[in-house]
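What follows is one structure encoded as structure tokens, with my remarks underneath.
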Amino acid sequence: MWNLLRYVWNHPLNSRGRLAALARVLRWQLACRLMPGLIALPFAEGTWLFATRGMTGATGNYYCGLHELGEMAFVLHLLRDGDQFIDIGANIGSYTILAAGVGRARVLAVEPLPTTFAHLERNVLLNGLSARVVCHQLGLSDSAGTLRFSSGLDTANHVLARDEALPSLEVPVIRLDDLPGVDSPTLLKIDVEGHELAVLNGARTVLTKPSVLAVVMETNGSGMRYGISDDVLLQRMREHGFAPFGYDALQRRLVRPQPQQANTVFVRDRTTVYNRLKSAGHFRLINTTL
2 MWNLLRYVWN HPLNSRGRLA ALARVLRWQL ACRLMPGLIA LPFAEGTWLF ATRGMTGATG
62 NYYCGLHELG EMAFVLHLLR DGDQFIDIGA NIGSYTILAA GVGRARVLAV EPLPTTFAHL
122 ERNVLLNGLS ARVVCHQLGL SDSAGTLRFS SGLDTANHVL ARDEALPSLE VPVIRLDDLP
182 GVDSPTLLKI DVEGHELAVL NGARTVLTKP SVLAVVMETN GSGMRYGISD DVLLQRMREH
242 GFAPFGYDAL QRRLVRPQPQ QANTVFVRDR TTVYNRLKSA GHFRLINTTL
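Going left to right, the sequence shown walks through residues 2 to 291 as the numbering used here numbers them.
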């Protein structure tokens, strides 16, 4: 609990409302115990996310406005009405709801685990976004087939490595290049807990599309469970013409990536991306306007 309180207190978006943020923590901790089951929490620009006890991503957004500040703000500031966003490893749909409900983008949301996928669909329906979002219950890899995924780890579920003995289930997987509905994506988010290289290997055609301005991808070392370092991911993205950055959401500028950052923003067309970031509107969050 102390780590949570420290995180919420120090989050940049709570700097002008720390006591209110701590009150949200207390309110949620009481509510999820007194009212077990799904509770709708306010999100960005009048959108909502269903949450239940243990959903750290959804509750992080409630506590702090945007749980992953740089990456989520990048999605908000880059996307425009009608763009296509592909959310790979969508989980319960935080990025999907931001992209479709706030950015008014068309979204393909990919989530392999049945229970999590059901939460994703509920959040799409809760926000009335079925016309903009297509959800696919499957995984992505470098070839079609099936893979065994862990279950019960919330946002940390992943393709099992050979030496892992965890509760699991078998899930169908395809290549991103074969995913129905892909046309001219503007932005991809890839959060697959270490399986990123296989996803990239199955996305060679998509990554060559000139419409793709950027890719937000997890680079937290989790690929080492499969013997793949983040340096391999960086090199693969460079081969496709993307340079790595972090995103300063408060100043709206791309910055040098930091060694400790869990996600990297890969950008191919810096001029277009810069102009979009600077010209984007301001968005109302639970604790501030960004």
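Ideal Cβ placement from N, Cα and C applies to all residues, glycine included. No experiment lies behind these values; they were computed from the predicted model shown.
> Just how far apart, CA to CA, sit E122 and G102?
Replying inline: Counted from its first residue, the sequence shown places residue 122 at position 121. Counted from its first residue, the sequence shown places residue 102 at position 101. Distance between the alpha carbons of E122 and G102 is about 14 Å.
> Which whole runs of the beta strand (DSSP E) in the segment 119-148 are 3 residues long or more, in chain order?
Replying inline: 134-137
> Using 9 Å as the limit for Cβ to Cβ distance, is N128 near chain D?
Replying inline: In summary, chain D is missing from the structure at hand, where a single protein chain is found.
>> Under DSSP, the alpha helix (DSSP H) around I89 begins and ends at which residues?
In response: If you number the sequence shown from 1, residue 89 lands on position 88. Where I89 is concerned, there is no enclosing alpha helix (DSSP H), although the beta strand (DSSP E) it sits in stretches over Q85 to I89.
>> Between which two residues does the alpha helix (DSSP H) holding N264 run?
In response: In the sequence shown, residue 264 corresponds to position 263, counting from 1. Element bounds for N264: not the alpha helix (DSSP H) but the beta strand (DSSP E), N264 to V268.
> Out of curiosity, what's the CA-to-CA distance linking G282 and H78?
Replying inline: Taking the sequence shown and counting its residues from 1, one reaches residue 282 at position 281. Taking the sequence shown and counting its residues from 1, one reaches residue 78 at position 77. Roughly 7 Å separates the two Cα atoms.
> When you compare each of R226, Q261 and V216 to A244 by their alpha carbons, which one comes out closest?
Replying inline: Here the question's residue 244 lines up with position 243 in the sequence shown. Of R226, Q261 and V216, the residue nearest in Cα terms is V216.
>> Is it buried or exposed, L170, if we count other Cβ atoms within 10 angstroms and call 16 or more buried?
In response: Residue numbering aside, residue 170 sits at position 169 when the sequence shown is read from its first letter. So L170 ends up on the exposed side.
> Who are the near neighbours of L148 in its chain, counting only those whose CB is closer than 7 Å to its CB and skipping five residues on each side?
Replying inline: Taking the sequence shown and counting its residues from 1, one reaches residue 148 at position 147. Cβ within range, chain order: G140, S142, V160, V172 and V174.
> What's the C-alpha gap between E112 and W29?
Replying inline: In the sequence shown, the residue the question calls residue 112 occupies position 111. In the sequence shown, the residue the question calls residue 29 occupies position 28. Looking at the two C-alpha atoms, the distance is approximately 26 Å.
>> Taking the alpha carbon of F118 as the reference point, which residue from S152, G146 and S144 has its own alpha carbon closest?
In response: Mapped onto the sequence shown, residue 118 falls at position 117. It is S152 whose Cα lies nearest to the Cα of F118.
> What residue from W49, T273 and E219 has the CA that sits closest to V200's CA?
Replying inline: The sequence position of residue 200 within the sequence shown is 199, counting from 1. Comparing Cα-Cα distances from V200 to each of W49, T273 and E219, the minimum goes to E219.
> Since F86 and L188 are thought to touch, with beta carbons under 8 Å apart, how far apart are those beta carbons, to the nearest angstrom?
Replying inline: Here residue 86 refers to the residue found at position 85 of the sequence shown. Here residue 188 refers to the residue found at position 187 of the sequence shown. About 5 Å separates the two Cβ atoms, so the contact holds.
> Between C65 and A21, which are expected to be in contact by the criterion C-beta below 8 Å, what is the C-beta distance as a whole number of angstroms?
Replying inline: Translated into positions along the sequence shown, residue 65 becomes position 64. Translated into positions along the sequence shown, residue 21 becomes position 20. Actually they do not touch by this definition, with Cβ atoms about 11 Å apart.
>> With H, G and I counted as helix, E and B as strand and the rest as coil, what does DSSP make of K210?
In response: The residue labelled residue 210 in the question sits at position 209 within the sequence shown. K210 falls in the coil class under three-state DSSP.
> By DSSP, does E72 sit in helix, in strand, or in coil?
Replying inline: For the purposes of this step, residue 72 is taken as residue 71 along the sequence shown, with counting starting at 1. In this structure, E72 counts as helix in the three-state DSSP scheme.
> In the DSSP assignment, what are the bridge partners of L80?
Replying inline: As a position in the sequence shown, residue 80 is number 79, starting the count at 1. None; L80 has no bridge partner.
> For L109 versus V135, is the C-beta distance shorter than 9 Å?
Replying inline: Numbered from 1 along the sequence shown, position 108 holds the residue referred to as residue 109. Numbered from 1 along the sequence shown, position 134 holds the residue referred to as residue 135. A contact, by the Cβ cut-off of 9 Å.
>> Between which residues of its own chain and R54 is the CB-CB distance below 8 Å, once the five residues before and five after are set aside?
In response: Against the sequence shown, residue 54 aligns to sequence position 53. Around R54: C33, R34 and P37.
>> Using only the alpha-carbon positions, how far apart do T156 and E165 sit?
In response: On the sequence shown, residue 156 is found 155 positions in, with the first residue counted as 1. On the sequence shown, residue 165 is found 164 positions in, with the first residue counted as 1. Looking at the two C-alpha atoms, the distance is approximately 17 Å.
> By Cβ distance, which residues of its chain are closer than 6 Å to V213, with the 5 residues on each side in sequence left out?
Replying inline: By one-based count along the sequence shown, residue 213 stands at place 212. Closer than 6 Å at Cβ, skipping near neighbours: P186.
> Which first and last residues belong to the beta strand (DSSP E) in which E219 is found?
Replying inline: For the purposes of this step, residue 219 is taken as the residue at position 218 of the sequence shown. Note, E219: beta strand (DSSP E), A215 to E219.
>> As a quick exercise: from P211, G83 and S131, pick the residue whose alpha carbon is nearest that of R271.
In response: As a first step, residue 271 must be located in the sequence shown, where it is residue number 270. The residue with the shortest Cα to Cα distance from R271 is P211.
> What is the residue span of the alpha helix (DSSP H) that R271 lies within?
Replying inline: Locating residue 271 in the sequence shown gives position 270, counting from the first residue. Per DSSP, R271 belongs to the alpha helix (DSSP H) from R271 to S280.
> Starting from Y248 and walking both ways along the beta strand (DSSP E), at which residues does that stretch end?
Replying inline: Translated into positions along the sequence shown, residue 248 becomes position 247. Here the beta strand (DSSP E) through Y248 covers A244 to D249.
> Which residues in the same chain have their Cβ closer than 7 Å to the Cβ of N128, if we skip the five residues on either side of it in sequence?
Replying inline: Numbered from 1 along the sequence shown, position 127 holds the residue referred to as residue 128. The residues are T48, W49, I98 and G102.
> Going by the CB atoms, is the gap between I229 and F44 shorter than 9 Å?
Replying inline: Within the sequence shown, numbered from 1, the residue matching residue 44 stands at position 43. Within the sequence shown, numbered from 1, the residue matching residue 229 stands at position 228. No, they are not a contact pair.
> Rounded to the nearest angstrom, how far is the Cβ of G58 from that of I89, given a contact under 8 Å?
Replying inline: Start at 1 with the first residue of the sequence shown, and residue 58 comes out as number 57. Start at 1 with the first residue of the sequence shown, and residue 89 comes out as number 88. That pair is no contact at about 15 Å.
>> Taking 9 Å as the threshold (C-beta atoms), are L70 and L14 in contact?
In response: The residue labelled residue 14 in the question sits at position 13 within the sequence shown. The residue labelled residue 70 in the question sits at position 69 within the sequence shown. Their beta carbons are under 9 Å apart, which means L14 touches L70 by this criterion.
> Helix, strand or coil: which one does DSSP assign to A32?
Replying inline: Against the sequence shown, residue 32 aligns to sequence position 31. Residue state, collapsed to three classes: helix.
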